[in-house]
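J.: Handing you a structure now.
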Amino acid sequence: MNKTENHVAELMEGRLPTKGNSQQCARIRTQSRGNTTLRLLAVRKAAKRDRKQQFTHLFHHISEELLYQSFQQLKRQSAPGRDGITWENYAENLQNNLHALHGKLHRGQYRPQPARRVMILKEDGTE
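Numbering (our numbering), first residue to last: 2 to 128.
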């Protein structure tokens, strides 16, 4: 029989509690970030507890699912990126694009283009 009252071990390992539907996603909703995985929430709490703590080995948390969630949170009407690709362009082949991006990230092959610098003139004509 499962111990439904004490599910700390499952939470620490990023698993769902023993009580409930095993097909449910292990995400919770936070005020400012939308859907966040439990593991990343635990990292966030640890960082708030000890601001001097340094974290290593966090890259494995970047999954295709997290990239998908991040993509969905982007503003759809934003200006195209440095490469000229809009949200709609990227969404046309989203699954393949995210799979390729995830692979490049984990192989260390992703190199973002530098941000395009735009000078905005003030009312007095200065930059």
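Each residue gets a CB set at the ideal place from its N, CA and C atoms; glycine is no exception.
(1) Which value, in whole angstroms, describes the spacing of the CA atoms of Gln55 and Leu106?
(2) Just verifying my parser: in three-state terms, what is the DSSP assignment at Ala116?
(3) Pick from Tyr111, Gln96 and Lys53: whose alpha carbon is nearest that of Gln70?
(4) If distances are taken between C-alpha atoms only, which option among Gln78, Leu75 and His62 comes closest to Arg40?
(5) Give me, in chain order, the residues of the same chain whose beta-carbon lies closer than 8 Å to that of Leu102; leave out the 5 immediate sequence neighbours on both sides.
(6) Going by C-alpha distance, which of Asp51, Ala43, Gln74 and Asp84 is nearest Pro113?
(7) Could you name the residues of the same chain whose beta carbon sits closer than 8 Å to that of Thr128, not counting the 5 residues immediately before and after it, in chain order?
(8) Which same chain residues, not among the five before or five after Leu99, have their C-beta less than 8 Å away from its C-beta?
(9) Does Leu106 come within less than 7 Å of chain B when only Cβ atoms are used?
(10) Among Val44, Asn94 and Gly82, which has the Cα closest to the Cα of Pro115?
(11) Using three-state DSSP, classify Lys105 as helix, strand or coil.
T.: Considering the structure as presented:
(1) On the sequence shown, residue 55 is found 54 positions in, with the first residue counted as 1. On the sequence shown, residue 106 is found 105 positions in, with the first residue counted as 1. Straight through space, the alpha carbons of Leu106 and Gln55 are spaced by roughly 21 Å.
(2) The residue you call residue 116 lines up with position 115 of the sequence shown. Coil.
(3) The count along the sequence shown starts at 1 and reaches residue 70 at position 69. Among Tyr111, Gln96 and Lys53, the Cα nearest to that of Gln70 is on Gln96.
(4) Against the sequence shown, residue 40 aligns to sequence position 39. If we check each option's Cα against that of Arg40, His62 comes out closest.
(5) In the sequence shown, the residue the question calls residue 102 occupies position 101. Counting only Cβ-Cβ distances below 8 Å, and skipping sequence neighbours, we find Leu68 and Tyr111.
(6) Here residue 113 corresponds to residue number 112 of the sequence shown, with the count starting at 1. Ranked by Cα distance from Pro113, the options Asp51, Ala43, Gln74 and Asp84 are led by Asp84.
(7) On the sequence shown, residue 128 is found 127 positions in, with the first residue counted as 1. One point to set straight first is that residue 128 is Glu, not Thr, in the sequence displayed. Annotation for Glu128: Met120, Ile121 and Leu122 place their beta carbon closer than 8 Å to its own, counting only its chain and skipping 5 residues before and after.
(8) For the purposes of this step, residue 99 is taken as residue 98 along the sequence shown, with counting starting at 1. Correct list, in chain order: Glu65, Leu68, Tyr69 and Phe72.
(9) No chain B appears in the structure shown, which is made up of a single protein chain.
(10) Mapped onto the sequence shown, residue 115 falls at position 114. Ranked by how close their Cα comes to the Cα of Pro115, the residues Val44, Asn94 and Gly82 have Gly82 in first place.
(11) On the sequence shown, residue 105 is found 104 positions in, with the first residue counted as 1. Correct three-state label for Lys105: helix.
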